[in-house]
Structure formats: C-alpha cells, structure tokens
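Take 1 as the starting number for the sequence shown in my numbering and just add one per residue.
Input: a single structure, listed below in structure tokens.
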Amino acid sequence: MRILLIAGAFNSLTQRVYAELGDHGHQVSVELVTRNTPLPEVVRRHAPDLIVAPMLKTAVPREVWSAHTCLIVHPGPVGDRGPSSVDWAVHLGADRWGVTVLQANDEMDGGDIWAAASCPVPDVGKSDLYRNEIADAALEAVLAAVARVASGTHRPQPQAELSDAAKPGRPRPPFRQDLRRIDWRSDPTDTVVRKLRAADSQPGVRDELLGDTWHLHGGHPEDTLTGRPGELLATRCGAICRATADGAVWIPELRPPRAPGEPGTLKLPATLALGDRLPPLPEVPAPLDPGDGPRTWTDIRYREEGPAGFLEFSFPGGAMSTDHCRRLLAAYRHACARPTSVLVLGGRRDFFSNGIHLHVIEAAADPAEESWANIQAMDALVHAVLTTTDRLVVAALGGNAAAGGAMLALAADEVWCRAAVVLNPHYRLMGLYGSEYWTYTLPGRTGPEVAGQLTARALPVTAAAGARLGLVDRIIDCPAQDFAAQTGRLAARLASAPTTQTRIATKKADRERDEAHRPLAAYREHELAQMHRIFFDPDQPYHALRRAFVRKEPAAGAPHTSAPPSGRAEAPHPDRSAAGR
C-alpha cells in the first residue's frame, strides 16, 4: 500500500514505523506537521491508501479523516485518553501498559479500534520505556492494523461497544508540573525517582535549586549517601546527588526554564548547567566494577563473566561529550588490560550512542573549539576499538545508534542488535561530513556504493535491513529487558568457541595488512580536515542546524534528503563484492 505517515517529529518511533513498514514492502512517505500545516493539501498531494500517525500532537481535520482511513497510534491501553499517557504509566508504577491504534474522528483518542497490544513497564524512565516496550507494542499493533486495513474485510471495533472490563485504560488529564512537584522534606527516594523518571526527557520536573528555578531531568537512587532533605551532597560524572527524606538521588541533567519569547533552553549535565552556582562538593566516584555493593548510579560499568568482559555505558539521549568519550576510553583501556578473549561494548538497553554531544557544544563559550575537542575524543575511542587485536570486540546495541555512535559500533569485530534497533549511519542531516573512521569501516562492511547511498540518502535502517547490508552480524529478537542476559550467554559461548583464538590471530593479521595498505591515520586526517573546515566556518549549515536541533526550533536550510520530511526512497542494496570487515 501507499502509506503516508504524519508526525509532529521524525522521532524514534516515527523512524521505526517508517523503516519497518518499508521493510514489509509498503511505499512509505513522511510529512512532519504542525498546527499550521495545510494537511488536506498534503494528503491530496500524496494520494495515500492509508494514513498513519505514529506521534502527533495536533488534531487531524475532518476533511482528512472523513475521506481517508487515518490511524492514530496512542501510547496507552484501550480506553486510555489524554496527551500524557506514558507519564502516567511511570508515575503510577503500572506493571503493564499498552498501545492502541484507533481511527481518527472528531473525538480525541475516541475512534474505532483497529488493533491494540500490551507491554510490561520495567523500572526505567519514560523516554526509555517509550523507545523500547512502548515502541515494541506500537509496532505490533501498527503492523496488525495495516494488515487488517489491507485485507479490506476487517471492521474496527467502536469503543462505545466495549465493556468497562475490556477497557483497562481511562481518560486522564495532562500531567502538569503541579502533579510532578517534589516535596524534598517528606518524599522518600522511591517517590522522588518515580517523579523524576516520569519526566526524564521532557518536560523535566520544575524545582527550586540554589536560589534558581530548574527543570530536573532523570533520576537514579543512591543507598549510601544521606543528608538533610533537599541539600546537595556530592557530584559524580557531571551529575549531582541530592538528599531525599530517607536517602538520596542522582540527577544527571538540568535545564533552566524558557523565558517568554526567548529561544529554547539547553538540557546539560547538571554540574555544567550549575557552573559557578555549584557549591564545593565532593566528587564521589563509583567503582567501575561495583560487584554486589550498595545501590548507586554511574554511567559506565565493567563486569566479567568468565573469559568475557562487559563494558556497559549509558549516557542521556545517547549523546557523548568530550568528557564522556575520555572517561569511556579510560574504562575501555582498563577492560583491555583484563585477561578476557571477548569484550562486549554497549548498554543493557536503550540508546547505544548518537555521537557527539550537541547540547554541550552549543553551550560552550566557543562551540567550534568544543566541536573539535569532542570529535577528536570520539576518534580516539574508535581508534582504540579498531586497534584492539588481542581479543574479539562485540558492539551490543540494545537500542538505537546514529552518526558517530553508529560508526563506533562498526569499529567492533561483530555488531549485535536487538531486533527493534534503528540505525542512522549518516551525518548529513546535521551538515557534517563525519569522522570516527567511517570512511574505513562503512565501505569495508557494505562496499563503497552502498556506503555512499547510506550517507547520502540519510535514512533510518532497521536491524534486519542492516543485516542484509552488512552493518549487523547478529540480530537478537528479545524484549529490551532480556537483551543483557541474551548477550551474556552469546558472549560466553563466543569466548569458549574453539575458533575464537584463530579468529583473533586472523584479525591481527588483517589489521596489519590494512595498515600497510593505508594507515588509519590517513583516514582520520582526511575526515578531520573536512570536519575542521565545517566547525570553524560560521557560515556552514552545521551551526544553524545544531542550534535549531538543541533548541527545538525549525531548521532553515536543512540539507535535502530523498526521504523525510517528505517523499520515499528505496533501501540501498548490498554490494556482495564488499570486503567482509
């Protein structure tokens, strides 16, 4: 079918629906819409067989839904209504939630039901839940609904015909800041964490701190540090620790409120956001390998299971600042000093990496210099992975990867992806040439022709498509919560395989051969020359695109792409003659 996606943003769910429907053989187009978009005109231009709205904040006009089947993806169980469904799921501590695909009509979230799917609600933040369990349920329901529409025989079920028992959800009001308010004097740690996690990406919890108003983003429990409720106790890896009524929480990021008529504000590591306001506090490091120690938070951990090592990292939004890269490189070197034959690099779930940290760059006194420092720190990390020749390195992607983060994964010997992962192996939409040795790793896996198509078209790729193209070596079809256990078992099997030592020896010889043919330094020099020109030329589109992205403003002069925000492009076809890195 010809399917038109309409969405408020080309976010993770919209990308996944776009890529998955394309993999299923549908002709998919995307239009990003706002309240000012002339949607009837847009629909007439595309003449779709079906309209799907994976993430839409505006109402579909009667002129559209009365003439076309228009499916709304609502991230709540049957009967749930309102704009804050996932916030409520986390705030209420729900065990299960769901997604409903319903037909647009003149009643918000009140249309006939085409499909629904349920999902568990693990103890994670709202955005993690949305990108994983909610997205998995959404894809299940969307694919079922699309198949039912295509059949031409299915009749959607009016909500009015459902009994109360068949509607586990109910209408809920918007989740406003008065509901999110933290009472530091009386709220226990578990309550504070739940409030923070229900707002972790957006909008944050509005609060008073050090005499100013801030939005607090993200929250993790701390079992050891205590103090007077509300006071700041310590710092760690850019986060601040704040005392609760019975313990403490770590808050990784802060954002000042947006003033009326002013540009959007930046979400930053908490210590960077506070700057000179931050009083003298101890920097309390967490052990890299905490073992069975007390519950505490850190963004990088290392553990071992026999001959396999696991270097786990999780940075908010998948963004990696200069500091993140340097700390992860130090941890990587520690891991490489351990007597293991397999090293698994990645998080337990959610984002793998999205490359350089555009928010930190935008906030810097000199964004060009910070861009330059950040890309060189990313390059140093990728170089360490590429030159590890005494063990096999596996990139384990429990969540999405993009730009330099995707290239970090490709530096490993094997790339393992959860089946739900979406890859964006390109840089062009941010006006960048790219670095991280992509001119070596990407053509080495896909062949030069496909590498050129991927970077030029700038389209999202499913894990399944990535496997066909040579980007992915193993797909792990499991729920997000099971990914770490699955990769653990597979890594142990790989470490004990009789062929592993032979593969390590072959890998070392291949690296020496490639280095003799063209040194890695030559790839890095070529890429950084392009990036230096872009970073230090204020007229390059990168600067305006970065500013628009981090401040959530419309991007003027965005690079053209043959797919979103509108249009369709075929997935590239693998070059079977490509070298098999």
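The C-beta atom is built at its ideal place from N, Cα and C for all residues, glycine as well.
(1) Between the region 153-163 and the region 121-129, can you find at least three pairs of beta-carbon atoms closer than 8 Å?
(2) In the DSSP assignment, find the unbroken alpha helix (DSSP H) run with Phe-535 in it and report its ends.
(3) Are the CB atoms of Ile-504 and Ser-341 nearer to each other than 8 Å?
(4) Determine, using beta carbons only, whether Val-99 and Ala-137 come nearer to each other than 8 Å.
(5) For the beta strand (DSSP E) containing Asp-207, name the first residue and the last one.
(6) Out of Leu-196, Glu-262, Thr-265 and Thr-244, state which residue places its alpha-carbon closest to the alpha-carbon of Pro-252.
(7) What beta strand (DSSP E) runs, 3 residues minimum, are completely inside the region 333-401?
(8) Rounded to whole angstroms, what is the Cα-Cα separation between His-215 and Cys-241?
(9) If you check the beta carbons only, do Met-430 and Leu-545 fall under 8 Å apart?
(10) If we call anything under 8 Å between Cβ atoms a contact, is Leu-345 one with Val-382?
(11) Can you name, in chain order, every residue of its own chain whose Cβ lies under 7 Å from the Cβ of Thr-441, other than the five neighbours on each side?
(12) Which residue's Cα is closest to the Cα of Arg-551: Glu-527, Gln-202, Pro-48 and Thr-213?
(13) Once DSSP output is grouped into helix, strand and coil, what is the label at Phe-483?
(14) Taking the CB atoms as reference points, tell me whether Ala-7 and Ala-53 lie closer together than 8 Å.
(15) Please list the terminal residues of the continuous alpha helix (DSSP H) segment that includes Asp-212.
(16) Considering only DSSP beta bridges, list what Trp-297 is partnered with.
(17) Using the beta-carbon count (16 or more within 10 Å), is Leu-210 buried or exposed?
(18) Distance, Cα to Cα, Lys-57 vs Cys-325?
(19) By DSSP's criteria, Asn-424 is part of a beta bridge. Which residues make up the other side?
(20) Measuring alpha carbon to alpha carbon, tell me which residue in Arg-62, Pro-339 and Gln-481 is nearest Asn-132.
(21) Taking the alpha-carbon of Asp-246 as reference, which of Gly-264, Gly-238 and Thr-226 has the nearest alpha-carbon?
(22) Between which two residues does the beta strand (DSSP E) carrying Glu-222 extend?
(23) What would DSSP say about Gly-418, mapped onto helix, strand or coil?
(24) Going by DSSP, what residues sit across from Lys-302 in a beta bridge?
(25) Please report the residue range of the alpha helix (DSSP H) in which Gln-177 lies.
(26) My understanding is that Asn-424 touches Pro-460, with C-beta atoms under 8 Å, so please give their C-beta distance in whole angstroms.
(27) What first and last residue would you give for the alpha helix (DSSP H) that runs through Ala-138?
(28) Between which two residues does the beta strand (DSSP E) harbouring Trp-438 extend?
(29) Given this structure, state the Cα-to-Cα distance separating Arg-511 from Thr-387, to the nearest angstrom.
(30) Do the region 174-182 and the region 76-94 meet, that is, are 3 or more Cβ pairs less than 8 Å apart?
(31) On a CA-only basis, which of Asp-212, Arg-228 and Arg-236 is nearest His-220? Give me that one, please.
(32) Looking at Phe-536 and Ala-368, is the spacing between their C-beta atoms short of 8 Å?
(33) Using CA atoms only, rank isn't needed, just tell me which of Leu-143, Ser-118 and Trp-88 is closest to Leu-21.
(34) Measuring alpha carbon to alpha carbon, tell me which of Cys-70, Gly-405, Gln-103 and Tyr-523 ends up nearest Gly-317.
(35) For the alpha helix (DSSP H) that Thr-100 lies in, which residues bound it at each end?
(36) Alpha carbon to alpha carbon, how far is His-426 from Glu-436?
Put simply:
(1) A contact is defined here as three or more CB-CB pairs under 8 Å, and the region 121-129 fails this definition with respect to the region 153-163.
(2) DSSP places Phe-535 in the uninterrupted alpha helix (DSSP H) bounded by 520-535.
(3) Yes, Cβ-Cβ distance for Ile-504 and Ser-341 is below 8 Å.
(4) It is a contact, given that the beta carbons lie within the stated cut-off.
(5) It spans 205-209 - the beta strand (DSSP E) in which Asp-207 sits, taken as one unbroken run.
(6) Considering only alpha carbons, the answer is Leu-196.
(7) Runs of the beta strand (DSSP E) inside the region 333-401: 342-345 and 392-397.
(8) Those two C-alpha atoms are separated by around 15 Å.
(9) In contact: Met-430 and Leu-545 (Cβ atoms closer than 8 Å).
(10) Cβ distance not < 8 Å, so Leu-345 and Val-382 don't count as in contact.
(11) Once the five neighbours on either side are set aside, the close Cβ partners of Thr-441 are Met-407, Leu-410, Ala-411 and Arg-581.
(12) It is Gln-202 whose Cα lies nearest to the Cα of Arg-551.
(13) Three-state result, Phe-483: helix.
(14) Note that the C-beta distance between Ala-7 and Ala-53 is below 8 Å.
(15) No alpha helix (DSSP H) contains Asp-212, which is instead part of the beta strand (DSSP E) from 212-217.
(16) Answer is none; Trp-297 lacks a bridge partner.
(17) It is exposed - the Cβ of Leu-210 has fewer than 16 other Cβ atoms within 10 Å.
(18) Cα to Cα, Lys-57 sits roughly 35 Å from Cys-325.
(19) Per DSSP, Ala-402.
(20) Nearest of Arg-62, Pro-339 and Gln-481 to Asn-132, Cα basis: Gln-481.
(21) Answer by Cα proximity: Thr-226.
(22) Per DSSP, Glu-222 is one residue of the beta strand (DSSP E) stretching across 220-222.
(23) Residue identity check: residue 418 is Arg in the sequence provided, not Gly. Residue state, collapsed to three classes: strand.
(24) Per the sequence presented here, residue 302 reads as Tyr, with Lys not at that position. Paired residues: Leu-311.
(25) Going by DSSP, Gln-177 is part of the alpha helix (DSSP H) stretching over 177-180.
(26) Contact between Asn-424 and Pro-460 holds: CB atoms are separated by about 5 Å, below the 8 Å threshold.
(27) Start and end: 135-151.
(28) Counted as a single uninterrupted DSSP element, the stretch harbouring Trp-438 is not any beta strand (DSSP E) but the alpha helix (DSSP H) occupying residues 438-446.
(29) For Arg-511 and Thr-387, the gap between their C-alpha atoms comes out near 8 Å.
(30) Touching, yes.
(31) Residue nearest to His-220 within the set Asp-212, Arg-228 and Arg-236 is Arg-236 (criterion: CA-CA distance).
(32) Yes, these two residues count as a Cβ contact at 8 Å.
(33) The shortest C-alpha separation from Leu-21 is found at Leu-143.
(34) It is Gly-405.
(35) Note, Thr-100: premise wrong, no alpha helix (DSSP H); beta strand (DSSP E) at 96-103.
(36) Rounded to the nearest angstrom, the two C-alpha atoms are 11 Å apart.
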